[in-house]
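Here's the structure we're looking at; comments come further down.
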Amino acid sequence: MSRFDAFLSAQTDDALDTLAEFDREAALAAGIRPNHVNEWGLVHETYLGPTKWTAQQRRAVGLARASRMSIDQLAVIEKKLQSVKDPREKWELRFALLGVGGGYETVRRQANDAVRKEETAPRKQVRFSKSRKGRRTMTVTGEERDIADLENVLLRGVDTARPVSPQLLENFLRIMRGGGAGVPFAAPRPMVLVPMPAWTKILRGEGDDIVLGLTDATTMTGAEFLQQCAGAELELAAVHPQEGPVNLYRGERLANTKQRDLARVSAPVCPVPGCRHSADACEIHHITAWRHGGETNWDNLAPLCRYHNRVNDDDPGRAARGRIERVRGTPVWRSPRGYTVVNSYHRFGAVHSLFGDGAVESVPP
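What follows is the structure, encoded as structure tokens:
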């Protein structure tokens, strides 16, 4: 027997004997692909691991040996059965699948069909992906008749001589816009970010404005400083490299709106790493919780999506899920182990945009 024949035998005829002394760490250290190691672990746990279902396990081992299934075939069965919650039902499905003859694809298809019958209906929902190269994906799950009706409408007038999917999108957008009566176009809101010069510092807050101290021994208000940069028609956010957005200037001033706007300027997306939700779609979060004495001031506010606003650890002493903190004027997430991590998705926060990557770093506490 050649070495390759011995290798194949270890994967098929002797599959369970090969995994009898399975060692996850040793496999990973040997350079085995983690997906393979995880699959081997599933098979070992089911057929050779401790269980209260000893009679069922013995029967499954006998069926696996009799069918001479490969480790990969046993693994695909176990991966598909993970979604089945009832253990009795899972064993019955396993017994049936261990009797399937044929190659890997045959077992995979049979496992898909068997588990699909036991699946519950998917949840009705609409989901949106992150932006990639200026595009996003929307996924809609609804009643089959509603989706079929939409598909039927989108297919009208499609030229089958050309790619169909782009035409479906064109029809969908035409229906969505509805000749001006449908979904309106979002109105961009221009806001100019103005960096505070290195020769200024924040001296004190004064009413609805700030006072700047200059190195020529004079002072001026933030509004006076910005008059040198632009007129009164634009919204102007003054941004300090350490403090972040410090004030917002425009013709009409509404304190609550201004605080929210400054929070959104500091972080245009939810600051939890990987979150795609825009600041406009976020709730305004108190970094120091209200119940802990946190005030509703711009430097204590951050935009968080609905989910992360609820799982944030408001008590600094907790370390279960991490929490939002302000680092150099920018809301960032601090991990349970104490490291700050910046959300790299859509990094157009005020401090980063004006002062670069070095303004906010990932550092230990």
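Under the working numbering, think of the first position of the sequence shown as 58, with each following residue one higher.
We treat Cβ as the ideally placed atom computed from N, Cα and C, and that holds for glycine.
ask   = From L361, C327, A123, E340, pick the residue whose C-alpha is nearest to that of S401; which is it?
value = Indexing the sequence shown from 1 puts residue 401 at position 344. Ranking L361, C327, A123, E340 by Cα distance to S401 puts C327 first.
ask   = Which residues in the same chain as P325 place their Cβ atom closer than 7 angstroms to its Cβ, once the five residues preceding and following it in sequence are excluded?
value = In the sequence shown, residue 325 corresponds to position 268, counting from 1. Taken in chain order, the residues that qualify are S335, A336, H403, F405, G406.
request  = May I ask you to list the residues that DSSP assigns as paired with H342?
outcome  = Counting from 1 along the sequence shown, the entry for residue 342 is found at position 285. Paired residues: A359.
query = Residues in its own chain within less than 7 angstroms of L73 by CB, not counting five upstream and five downstream?
reply = On the sequence shown, position 16 is the one that residue 73 refers to. Y104, L105, V118, A121, R122.
message = Restricting to runs no shorter than 4 residues, where is the alpha helix (DSSP H) found entirely within the region 124-212?
response = The qualifying runs are 128-138, 144-155, 161-173, 201-211.
key: Cα-Cα separation, V389 to V329   = Residue 389 sits at position 332 when you count from the first residue of the sequence shown. Residue 329 sits at position 272 when you count from the first residue of the sequence shown. One C-alpha to the other measures close to 7 angstroms.
query = Going straight from the alpha carbon of C332 to that of S323, what length do you get?
reply = Taking the sequence shown and counting its residues from 1, one reaches residue 332 at position 275. Taking the sequence shown and counting its residues from 1, one reaches residue 323 at position 266. For C332 and S323, the distance between alpha carbons rounds to 16 angstroms.
message = For a test of the three-state rule: what should DSSP assign to V118, helix, strand or coil?
response = In the sequence shown, the residue the question calls residue 118 occupies position 61. Per DSSP, reduced to three states, the secondary structure at V118 is helical.
task = State the Cα-Cα distance for the pair T314 and P220, rounded to the nearest angstrom.
result = Residue numbering aside, residue 314 sits at position 257 when the sequence shown is read from its first letter. Residue numbering aside, residue 220 sits at position 163 when the sequence shown is read from its first letter. So the alpha carbons of these two residues sit roughly 47 angstroms apart.
message = Can you confirm whether the region 178-185 touches the region 155-170 when touching is taken to mean that 3 or more C-beta pairs between the two stretches lie within less than 8 angstroms?
response = In this structure the region 155-170 does not lie against the region 178-185, because fewer than three pairs of beta carbons, one per stretch, are closer than 8 angstroms.
request  = Note the first and the last residue of the continuous alpha helix (DSSP H) segment covering I232.
outcome  = Here the question's residue 232 lines up with position 175 in the sequence shown. Counting along the chain, the alpha helix (DSSP H) containing I232 begins and ends at 221-234.
ask   = Which class does W347 belong to by DSSP, given the choice of helix, strand or coil?
value = One-based indexing of the sequence shown puts residue 347 at position 290. The answer is helix: DSSP assigns W347 an H, G or I state.
inquiry  = Using only the alpha-carbon positions, how far apart do R231 and G239 sit?
reply    = Stepping through the sequence shown from its first residue, residue 231 is reached at position 174. Stepping through the sequence shown from its first residue, residue 239 is reached at position 182. Each residue's Cα considered, the two are about 9 angstroms apart.
inquiry  = Shorter than 7 angstroms, the distance from the beta carbon of D80 to the closest heavy atom of the ligand NAD, or not?
reply    = The ligand NAD is not among the ligands present in this structure, which contains no ligands whatsoever.
request  = Measure from the alpha carbon of M126 to the alpha carbon of each residue in T111, S66, R394, then state which is nearest.
outcome  = As a working mapping, residue 126 is identified with position 69 in the sequence shown. In terms of Cα proximity to M126, the closest of T111, S66, R394 is S66.
message = I'd like to check one pair, P360 with R378: are the Cβ atoms closer than 8 angstroms?
response = Numbered from its first residue, the sequence shown carries residue 378 at position 321. Numbered from its first residue, the sequence shown carries residue 360 at position 303. No, they are not a contact pair.
request  = For E200, collect the residues of the same chain with a Cβ closer than 8 angstroms to its Cβ; drop the 5 residues on either side in sequence, then sort them by chain order.
outcome  = Translated into positions along the sequence shown, residue 200 becomes position 143. The answer, listed in chain order, is K181.
Residues bridged to E382 (per DSSP) = Numbered from 1 along the sequence shown, position 325 holds the residue referred to as residue 382. Answer by DSSP bridge pairing, in chain order: V389.
inquiry  = Below 8 angstroms on the Cβ atoms is my contact criterion, and I expect R383 with I344 to pass it. Report the Cβ-Cβ distance as a whole number of Å.
reply    = As a working mapping, residue 383 is identified with position 326 in the sequence shown. As a working mapping, residue 344 is identified with position 287 in the sequence shown. Contact holds; Cβ gap of about 6 angstroms.
ask   = Tell me, which residues are paired with V326 by DSSP?
value = Locating residue 326 in the sequence shown gives position 269, counting from the first residue. In the DSSP output, where bridge partners are listed per residue, V326 has S335.
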